[in-house]
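These notes concern the structure reproduced below.
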Amino acid sequence: MSAHTSMLHVRVDDETKAQATETLAAMGMSVSDAVRLFLRRVVVDQTFPLELKVPNAETLAAMEESRAMMAARRTRFATADALFDDLEKNSRK
1 MSAHTSMLHV RVDDETKAQA TETLAAMGMS VSDAVRLFLR RVVVDQTFPL ELKVPNAETL
61 AAMEESRAMM AARRTRFATA DALFDDLEKN SRK
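In my numbering, the protein residues as written are 1 to 93.
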């Protein structure tokens, strides 16, 4: 990102802003983060970006488990082989 930045002012009704703020917070983002991401994707892809969605319950649980593991500095698997064994086992389900 360049050292110089510009302020971007966007007009939106209060209800849309409140709902967007809540939804983006559920994704771990601020409105400013979303606008920066949106504009970056437009520049990089030269197209309108894909839709982002709030994660489903299973994904949220996995995200929380990952955060807890990172905070505790522990892992679910002792070795890479154990991880791959588990992936192989679960891919057959």
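Think of the CB as a built atom: it goes at the ideal place given N, C-alpha and C, for glycine as much as any other residue.
Neighbourhood of residue i by C-beta, 7 Å cutoff - its chain only, sequence neighbours within 5 removed
i	result
residue 41	49
Expected contact under 8 Å - CB spacing of residue i and residue j to nearest Å
i	j	result
residue 31	residue 18	The Cβ separation is near 10 Å, so there is no contact.
residue 76	residue 69	7 Å
N- and C-terminal bounds of the alpha helix (DSSP H) containing residue i
i	result
residue 42	31 to 45
residue 90	80 to 91
residue 51	Note, residue 51: premise wrong, no alpha helix (DSSP H); not H, not E.
residue 60	57 to 72
residue 24	14 to 26
Close beta carbons around residue i, own chain, < 8 Å, minus the five adjacent residues each side
i	result
residue 3	none
residue 10	35
residue 63	55
Cβ neighbours of residue i in the same chain (closer than 6 Å, five flanking residues each side left out)
i	result
residue 89	none
>> Whether or not the segment 48 to 63 and the segment 24 to 39 are in contact is what I'm after, with contact meaning three or more pairs of Cβ atoms, one per stretch, closer than 8 Å; do they touch?
In response: yes
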